[in-house]
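Asks: Residue numbers (the working numbering), protein chains in the order written: chain A, 10 to 330; chain B, 100 to 340; chain C, 3 to 102.
All C-beta atoms, glycine included, are put in the ideal place defined by N, C-alpha and C.
If you scroll down you'll find the structure; I have some questions about it.
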Amino acid sequence: MYSQALNAPTPLADTSPEATRFQERIDAEERIEPNDWMPEAYRRTLVRQISQHAHSEIVGMLPEGNWITRAPSLKRKAALLAKVQDEGGHGLYLYAAAETLGVSREELVDQLLSGRAKYSSIFNYPTLTWADIGAIGWLVDGAAIMNQIPLCRCSYGPYARAMIRVCKEESFHQRQGYEIMLTLCRGTAEQKAMAQDALNRWWWPCLMMFGPPDSQSSHSDTSMRWKIKRFTNDALRQKFVDATVPQGHYLGLTFPDPDLRFEDGHWRFGAIDWEEFRRVLAGDGPCNRERLAARRQAHADGAWVREAARAHAAKQRAKAA
Amino acid sequence: MATTSITLDETPARALLLARADDALVLGHRLSEWTGRAPLLEEELALANIALDLIGQARALYQATELDEDALAYRRDAHQFRNALIVELPNGDFAVTIARLFLVSVASDLYWRAAVADPLLGPIAAKAEKETAYHVRHAAEWLVRLGDGTAESHRRAQDALDLLWPYTGELFEPVRSGPDPAALRPDWEEAVSAMIARATLRRPADGWMQSGGRAGRHTEHLGRMLAEMQVLPRTYPDARW
Amino acid sequence: MTASPAPEAPIPLWEVFLRARNGLAHKHVGSVHAVDATLALQAARDVYTRRGEGLSIWVVPSAAIVASDPADKETLFEPTGSKIYRHPTFYEVPDDVGHM
Chain A
10 MYSQALNAPT PLADTSPEAT RFQERIDAEE RIEPNDWMPE AYRRTLVRQI SQHAHSEIVG
70 MLPEGNWITR APSLKRKAAL LAKVQDEGGH GLYLYAAAET LGVSREELVD QLLSGRAKYS
130 SIFNYPTLTW ADIGAIGWLV DGAAIMNQIP LCRCSYGPYA RAMIRVCKEE SFHQRQGYEI
190 MLTLCRGTAE QKAMAQDALN RWWWPCLMMF GPPDSQSSHS DTSMRWKIKR FTNDALRQKF
250 VDATVPQGHY LGLTFPDPDL RFEDGHWRFG AIDWEEFRRV LAGDGPCNRE RLAARRQAHA
310 DGAWVREAAR AHAAKQRAKA A
Chain B
100 MATTSITLDE TPARALLLAR ADDALVLGHR LSEWTGRAPL LEEELALANI ALDLIGQARA
160 LYQATELDED ALAYRRDAHQ FRNALIVELP NGDFAVTIAR LFLVSVASDL YWRAAVADPL
220 LGPIAAKAEK ETAYHVRHAA EWLVRLGDGT AESHRRAQDA LDLLWPYTGE LFEPVRSGPD
280 PAALRPDWEE AVSAMIARAT LRRPADGWMQ SGGRAGRHTE HLGRMLAEMQ VLPRTYPDAR
340 W
Chain C
3 MTASPAPEAP IPLWEVFLRA RNGLAHKHVG SVHAVDATLA LQAARDVYTR RGEGLSIWVV
63 PSAAIVASDP ADKETLFEPT GSKIYRHPTF YEVPDDVGHM
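The following block contains the structure:
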């Protein structure tokens, strides 16, 4: 899964020879590696984006984790557990990529737990029925893939390499979600209603995952120039809608958008409620407080374990010395 | 309304498979409850791997009964489950989870090694033994770090052993068919005692042992766990998922 | 929002190298955090070999890696560019001699 395009700070124009040389390397599609010279703003932008992405994976474990103990068959239980575990792994790869920029995982986790760091707003919505697990796989992971594939070519080497691994592992996530939806849509009337209800609730938040419209996203330019980002929010959003609408129709479901229509080769959609997006991002979504509280609880409950492990290692080192 | 539970004819072969399958499923389910709650990210992945191994073992064993695996997991009542009580106890803190995983996995590993030659269990045992050997290793390393870590972790690890010990006797109760669990006890005793000593912990004294799981007389915890686990298939008995 | 206590003492970082099959060299695949080598190996196994990616694992404390300075790139690596006599194509052998 993916952290949406959360805005990066606008850097001051840097006209130093190093900065010029840096931009030339980017323009020539060279990858930047951890020890290379980089503008401070590039480093800050990356730390912020990669850590937000990592936080999103970790917080993203919670809404789906909510159904692991209630998955309705052993096959579904194993698949869901494996998928949520993958998300933990992706968070781990991404924290490691951010750490190459000189910030520790402990600091990043602290930023999340103290509420200073952002994560994708989508995970602040609740998973109310089993169909939500299907909808998350199909829609949220589908949106994530749109975002993540271009990141495999991101200018920062460790981020690009982490994303290649993430994309490879995620290839089953969207398929398992769609298969859940298909099974529900071919099932009983109650199951189909469950699937429709899930689509109704997840559709608009998924479109918001791509971030604010290009007209309001003044920070995109820099990220594009640095090739951290390769497509605009609106371009990716349209690509997602074009790919997803026919899949929904195949399921026999309707999209909760009366303005949705096919025009000039694209599925055009109605107005997104950006007020809702801003509100959820600012902390007032259905589950923001619960999600953060769950992460804090896990961290606090685990403190004595981490302390014990550190103490044991110190004893062993003392013995060996 | 008619019950959504199944009834089944428990042949000795089925009883053997169900006892092992239920052990694996219930422990796997308990471990899956850690998702999103583990003390560190690396451990999150480790616990999920073990849970997935156990759920996989349960599925293979259920399938060997030639009955529907999901009917067995989702349509039996608590009294029809044949797992040992120790696996159904709540996770408790990380020390209880690790101590339980260690005590049970050492017994399982010995059992699977003995079962490789069993005509019914053989193919499943060969795969399960490799998985379980890793579970033992992982749990043992943590038990040592908790026991020989800080004063708090030592206390928690000792409390965990004391809590779980009365449930270990059931792991060696004789059964009607398959390898004899009682024969595994000396090896279990040796392996467990050695690791408890390495962890600077005290082996609890053998006193009265809890029993009943293999006969379907469970703790209060299993019913609650199943109510959660089985909610969808029980609520929508005609649905396929 | 609520302030949280200061970040904990860091748990050391380890670099993970996997051999995908015998005959191949170990290749860097990522990193894990662990308090000691034993747990680092287990973490590497649990994180990086979930899809049958490896037959052998190395873990190395990240702090033990000594890296060359990118600023030295020209000093370190450019001088080899002119030593074309190290490459087989530098030498002419008549076609009649056959593959060499």
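1) State the start and end residues of the unbroken beta strand (DSSP E) segment that holds His35(C).
2) Mind listing the chain A neighbours of His128(B)? Cutoff is C-beta to C-beta under 7 Å, in chain order.
3) Listing by chain order, which chain A residues have their CB less than 8 Å from the CB of Tyr266(B)?
4) Across which residues does DSSP place Ile41(A) in a beta bridge pair?
5) Does the region 246-265 of chain B come within contact of the region 312-323 of chain A, defined as at least 3 CB pairs closer than 8 Å?
6) May I ask which residues mark the beginning and end of the beta strand (DSSP E) holding Trp60(C)?
7) When you compare the CB of Met155(A) with every CB in chain B, is at least one pair closer than 9 Å?
8) At least one CB of chain E closer than 9 Å to the CB of Pro189(B): is that the case?
9) Output, in chain order, the set of chain A residues within a Cβ distance shorter than 7 Å of Val330(B).
10) Alpha carbon to alpha carbon, how far is Glu115(A) from Tyr50(C)?
11) Taking C-beta pairs closer than 7 Å, name the residues in chain B that Val34(C) reaches, listed in chain order.
12) Is it right to say Gln225(A) is buried, meaning 16 or more other beta carbons lie within 10 angstroms of its own, or is it exposed?
13) Report, in whole angstroms, the separation of the C-beta atoms of Phe201(B) and Ala239(B), which I expect to be a contact under 8 Å.
14) Going along chain C in order, which residues have a C-beta closer than 7 Å to the C-beta of Arg57(A)?
15) List, in order along the chain, the chain B residues whose C-beta lies closer than 9 Å to that of Thr77(C)?
16) Taking Leu101(A) as the query, report the chain B residues whose CB atoms sit under 8 Å from its CB, ordered along the chain.
17) Could you check the C-alpha separation between Ala224(B) and Tyr51(A) for me, to the nearest Å?
18) Within 9 Å of any Cβ in chain C, is that where the Cβ of Arg288(A) sits?
19) What first and last residue would you give for the beta strand (DSSP E) that runs through His101(C)?
20) For Ala163(B), count the other beta carbons within 10 Å of its own beta carbon; 16 or more makes it buried, fewer makes it exposed. Which is it?
21) Look up Phe264(A) in the DSSP assignment and say whether it is helix, strand or coil.
22) With the cut-off set at 9 Å, would you say Ala252(A) and Asp223(A) are in Cβ contact?
23) Expressed to the nearest angstrom, what Euclidean distance is found between the alpha-carbon atoms of Asn133(A) and Met217(A)?
24) Given a cut-off of 9 Å, decide if Asp247(B) and Ala290(B) are closer than it, judged by their beta-carbon atoms.
25) Going by beta carbon distance, what residues of the same chain come within less than 7 Å of Arg301(B), once the five residues before and after it are set aside?
26) Could you name the residues of the same chain whose beta carbon sits closer than 6 Å to that of Met308(B), not counting the 5 residues immediately before and after it, in chain order?
27) Where do the ends of the beta strand (DSSP E) carrying Phe19(C) lie?
28) Quick one: is Trp283(A) buried, meaning 16 or more other Cβ sit within 10 Å of its Cβ, or exposed?
29) Name, please, each residue of chain A whose Cβ falls closer than 8 Å to the Cβ of Ser252(B).
30) Per DSSP, Glu285(A) is paired with what?
31) For a minimum of 4 consecutive residues, which ranges assigned as the alpha helix (DSSP H) are wholly contained in the region 212-258 of chain A?
32) Following the continuous alpha helix (DSSP H) through Arg254(B), name the residue where it begins and the one where it ends.
33) Assuming contact is defined by CB atoms lying nearer than 9 Å, are Arg181(B) and Ala118(B) in contact in what I supplied?
34) Any beta carbon from chain B within less than 9 Å of Arg52(C)'s own beta carbon?
Replies: In this structure, then:
1) That run of the beta strand (DSSP E) goes 29-35.
2) The answer, in chain order, is Thr78.
3) Chain A residues near Tyr266(B): none, gap ~22 Å exceeds 8 Å.
4) According to DSSP, Ile41(A) shares a beta bridge with Tyr165(A).
5) Yes, since at least three Cβ pairs between the region 246-265 of chain B and the region 312-323 of chain A fall closer than 8 Å, the two stretches touch.
6) From DSSP, the beta strand (DSSP E) with Trp60(C) extends over 58-63.
7) No - not a single Cβ of chain B is within 9 Å of the one on Met155(A).
8) Annotation note: the requested chain E is absent from the structure, which comprises protein chains A, B and C.
9) Chain A residues near Val330(B): Arg79.
10) Their backbone Cα atoms lie some 21 Å apart in a straight line.
11) Result: Glu141.
12) Classification of Gln225(A): exposed, given that the 10 Å Cβ count is below 16.
13) That pair is a contact at about 6 Å.
14) Per Cβ cutoff of 7 Å: no residues; Arg57(A) is ~17 Å from chain C at best.
15) Going along chain B, no residue has its Cβ under 9 Å from Thr77(C), so there is no contact; the nearest lies around 39 Å.
16) Listed along the chain, the chain B residues whose CB falls inside 8 Å of the CB of Leu101(A) are Leu140, Glu141, Leu144.
17) One C-alpha to the other measures close to 54 Å.
18) So, not an interface residue.
19) His101(C) -> no beta strand (DSSP E), and no H or E assigned at all.
20) By the 10 Å Cβ count, Ala163(B) comes out buried.
21) In the displayed model, Phe264(A) falls within coil according to three-state DSSP, outside both helix and strand.
22) For Ala252(A) and Asp223(A), no; Cβs fall outside 9 Å.
23) Taking the straight line joining both Cα atoms gives about 12 Å.
24) No, these two residues do not count as a Cβ contact at 9 Å.
25) Cβ neighbours of Arg301(B) beyond the five flanking positions: Gln257.
26) The beta carbon of Met308(B) sits closer than 6 Å to those of Pro265, Gly268, all from its chain and outside the five residues before and after it, given in chain order.
27) Here the beta strand (DSSP E) through Phe19(C) covers 15-21.
28) Under the 10 Å beta carbon count, Trp283(A) is surrounded by fewer than 16 other beta carbons and is classified as exposed.
29) Near Ser252(B) (Cβ distances below 8 Å), the residues of chain A are Trp313, Val314, Glu316, Ala317, Ala320.
30) Bridge partners of Glu285(A): none, in fact.
31) Fully enclosed alpha helix (DSSP H) runs of 4 or longer: 229-234.
32) Here the alpha helix (DSSP H) through Arg254(B) covers 250-263.
33) For Arg181(B) and Ala118(B), yes; Cβs fall inside 9 Å.
34) Taking Cβ atoms only, chain B reaches closer than 9 Å to Arg52(C), which makes this a yes.
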